[in-house]
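Q:
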């Protein structure tokens, strides 16, 4: 068995009001007490202060969904990693498939964000994953290695020990196709193997999360796979009961 502690991260995306995120935070905090896995929630920037206060004294960790590559300057509308860290955040998601697809973020840009997060003494959760066309045309390894390689090249392999990788099979989102636990494990092992070629010790330490529609009914099977170290949860994270059921499957 791996010594890597499981991590379950809730990505709340562009959802919630001040009242609803406080209620959700308190519900998650109450239910997470005593769990052995790490529990993380990532609200929108506007709600960081409210969620920080709602989680005070609990074991639940605060994170963010994105950040700027810059620490300061004339970048209207951007949010810097040092600003995020002031709220007690420990993790920042970078390179989510929605950021890559909708906002055109290239892998080199994602790597710059990962570097900014580390320089602010937080851990980046670096998202990687292939689209349906890329998978069907046999480009899975090529895509993953390009996305992952950009981060390794910029940060150096040793710094990868202080990151989290999240695999998102973009092809399984809204296509009617779903990834089995065996398919997910296969890709997680592929990612770990790629890192091991550079540094086996780092590869063994880094946590790789699965981000492909994890739900309470499939979480246990997914998290039992040897190279799946938890989940990056979207829709199910917006309901405290569902999210906690997933967390308990990892505990």
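In the numbering used here, the protein residues as written are 35 to 285. Backbone N, C-alpha and C define an ideal beta-carbon position, used for all residues, glycine too.
(1) In chain order, what residues of the same chain lie with their CB nearer than 8 Å to the CB of residue 94, ignoring the 5 residues before and after it?
(2) What residue range is occupied by the uninterrupted alpha helix (DSSP H) comprising residue 150?
(3) Can you check which of these residues, 168, 107 and 42, is closest to residue 205 by C-alpha distance?
(4) Between the region 267 to 284 and the region 225 to 242, can you find at least three pairs of beta-carbon atoms closer than 8 Å?
(5) Quick check: residue 163 and residue 203, are their CB atoms within less than 8 Å of each other?
(6) Got a sec? Which residues, its chain only, sit under 8 Å from residue 104 by beta carbon, not counting five neighbours each side?
(7) For residue 226, which residues of its own chain have a beta-carbon under 6 Å away from its beta-carbon, when the five flanking residues on both sides are left out?
(8) Alpha helix (DSSP H) containing residue 66: first to last residue?
(9) Taking the alpha carbon of residue 266 as the point to measure from, which residue in 186, 47 and 70 has its own alpha carbon closest?
(10) Going by DSSP, name the residue or residues bridged to residue 76.
(11) According to the neighbour-count rule (16 or more other Cβ atoms, all chains shown, within 10 Å of its Cβ), is residue 35 buried or exposed?
(12) For residue 252, collect the residues of the same chain with a Cβ closer than 8 Å to its Cβ; drop the 5 residues on either side in sequence, then sort them by chain order.
(13) Leaving out five residues before and five after residue 195 in sequence, what residues of the same chain have Cβ atoms less than 7 Å from its Cβ?
(14) Return the bridge partner residues of residue 95 from the DSSP annotation.
(15) Is residue 98 near residue 118, with beta carbons less than 8 Å apart?
A: In short, the structure shows the following:
(1) Within the chain shown, residue 94 is the residue found at index 60, counting from 1. Excluding sequence neighbours, residue 94 sits near 59, 62, 63, 66, 73, 74 and 75.
(2) Position 116 of the chain shown, counted from the first residue, corresponds to residue 150. Where residue 150 is concerned, the enclosing alpha helix (DSSP H) stretches over 141 to 153.
(3) Against the chain shown, residue 205 aligns to sequence position 171. Selected option, being the one with the closest Cα: 168.
(4) no
(5) Position 129 of the chain shown holds residue 163. Position 169 of the chain shown holds residue 203. Yes, they are a contact pair.
(6) The count along the chain shown starts at 1 and reaches residue 104 at position 70. Contacts found: 112, 114 and 150.
(7) The residue given as residue 226 occupies position 192 in the chain shown. Same-chain partners within the cutoff: 237 and 261.
(8) For the purposes of this step, residue 66 is taken as residue 32 along the chain shown, with counting starting at 1. Counting along the chain, the alpha helix (DSSP H) containing residue 66 begins and ends at 52 to 66.
(9) For the purposes of this step, residue 266 is taken as residue 232 along the chain shown, with counting starting at 1. Nearest C-alpha to residue 266: 47.
(10) In the chain shown, residue 76 corresponds to position 42, counting from 1. Partner(s): 45.
(11) The count along the chain shown starts at 1 and reaches residue 35 at position 1. With a pLDDT of 38 at residue 35, under the threshold of 50, the modelled position of this residue cannot be trusted; read the value that follows with caution. Classification for residue 35: exposed.
(12) Within the chain shown, the letter at position 218 stands for residue 252. Answer for residue 252: 215, listed in chain order.
(13) As a working mapping, residue 195 is identified with position 161 in the chain shown. Correct list, in chain order: 236, 239 and 240.
(14) As a working mapping, residue 95 is identified with position 61 in the chain shown. Note: residue 95 sits in a beta bridge opposite 74.
(15) Sequence index remark: in the chain shown, residue 98 carries index 64 (1-based). Sequence index remark: in the chain shown, residue 118 carries index 84 (1-based). Going by C-beta atoms, residue 98 is nearer than 8 Å to residue 118.
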